Amino acid sequence: MFKKIAAAAALVVASSSVFAQQMPQWYAGVDASSTKIEGADREGGGGVFIGYNLSPNFAIEAGWHRLAEADLYYWDLDARAKAKFDQTDVSLIGTLPLSNGFGVYGRLGYNHLKIKASASAGNVRVSESDSEDKVLYGAGLSYTFNPQIVGRLEVQKPHSDITKVAVGVGFNF
176 MFKKIAAAAA
186 LVVASSSVFA
196 QQMPQWYAGV
206 DASSTKIEGA
216 DREGGGGVFI
226 GYNLSPNFAI
236 EAGWHRLAEA
246 DLYYWDLDAR
256 AKAKFDQTDV
266 SLIGTLPLSN
276 GFGVYGRLGY
286 NHLKIKASAS
296 AGNVRVSESD
306 SEDKVLYGAG
316 LSYTFNPQIV
326 GRLEVQKPHS
336 DITKVAVGVG
346 FNF
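If you're matching positions, the sequence shown starts at 176 in this note's numbering and goes up one per residue.
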C-alpha cells in the first residue's frame, strides 16, 4: 500500500514539474511600426496580434495593423483628403532560440492589404477603396524579459513595394 502511495506521489510531483516547464500556449501583443511605401514618405502606424505556440519553435499568428494614415486639409480650397492603409495577416513563425533570452525568427504567411481614400471639396465628395492579397514574409529578433513578456523587432515585406519595421511586445498567457 505504501509503495502505491509513494508511486502516486512521485507521479504527481513529476507531472507538476513537467507542467511548470511547459511554455505558454497563447500570446497577444501590440506593436508600433514605420512603413515605407515606394514613392511615398515613411509613415507611422501600429497594430495588434494574437498567436498560438504550436511548439517551442513554431507558432501561428494573426494580426491587424494600420500601416499608414493621412488626413490633409486645404484651407484655401475648403478641401479635405483622407487615406487609411491597413494590413490583416496570418503567418507561421519559426523561432531559433539563442542565448541570454534572445531569439531570431522568420515569418511566412498571407496578408490582406486594404486602402481607403476619400476627398471632399465644398459639396463634392468622392471615396474609393482597393484591396490586394499577397504573400507576407519577414524576419526579426526577440528578447524574453520574463516567461510572460517578450519584446520583438521585426522587418516585414507585406508587398514588393512596402517595407515595414515594427517594435512590439507580446504577453504570454
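Backbone N, C-alpha and C define an ideal beta-carbon position, used for all residues, glycine too. These numbers were taken from a predicted model, which means no experiment stands behind them.
If I measure Cβ to Cβ from residue i and keep anything under 8 Å in the same chain, skipping five residues before and after, which residues do I get?
| i | result |
| --- | --- |
| tryptophan 250 | none |
Tell me which residues share the same chain as residue i and place their Cβ nearer than 6 Å to its Cβ, disregarding the 5 neighbours each side in the sequence.
| i | result |
| --- | --- |
| valine 342 | Ala207, Leu328 |
| glycine 345 | Tyr202, Gly204, Val325 |
| serine 302 | Ser293 |
| glycine 222 | Asp206, Gly238, Trp239, His240 |
| aspartate 305 | Ile290 |
In its own chain, which residues sit with a C-beta less than 7 Å from the C-beta of residue i, not counting the 5 before and 5 after it?
| i | result |
| --- | --- |
| tyrosine 227 | Gln200, Trp201, Ala234, Ile235 |
| glycine 297 | Asp253 |
| glycine 278 | Thr270, Leu271, Pro272, Ser317 |
In terms of residue numbering, what span does the beta strand (DSSP E) encompassing residue i cover?
| i | result |
| --- | --- |
| alanine 215 | Element bounds for alanine 215: n/a, residue is neither H nor E. |
| glycine 269 | 254–272 |
For residue i, which three-state DSSP category applies?
| i | result |
| --- | --- |
| phenylalanine 346 | strand |
| glycine 297 | coil |
| leucine 316 | strand |
| asparagine 321 | strand |
| glutamine 157 | In the structure as shown, the chain begins at 176 and stops at 348. Residue 157 is therefore absent and cannot be evaluated. |
Mind checking residue i: buried by the 16 CB within 10 Å criterion, or exposed?
| i | result |
| --- | --- |
| leucine 288 | buried |
| tyrosine 248 | exposed |
| phenylalanine 224 | buried |
### Task
Assess, as a yes-or-no matter, whether the segment 272–284 is touched by the segment 243–263 under the definition of 3 or more beta carbon pairs within less than 8 Å.
Judged by Cβ distances under 8 Å, the segment 243–263 makes no contact with the segment 272–284, as fewer than three pairs qualify.
### Query
Is the segment 212–225 touching the segment 241–258 in the sense that three or more CB pairs, one from each, lie closer than 8 Å?
Touching, yes, given that three or more Cβ pairs across the two stretches are closer than 8 Å.
### Message
With three or more beta-carbon pairs closer than 8 Å as the criterion, would you say the segment 331–340 touches the segment 301–319?
### Response
Here the segment 331–340 lies against the segment 301–319, with 3 or more beta-carbon pairs under 8 Å apart.
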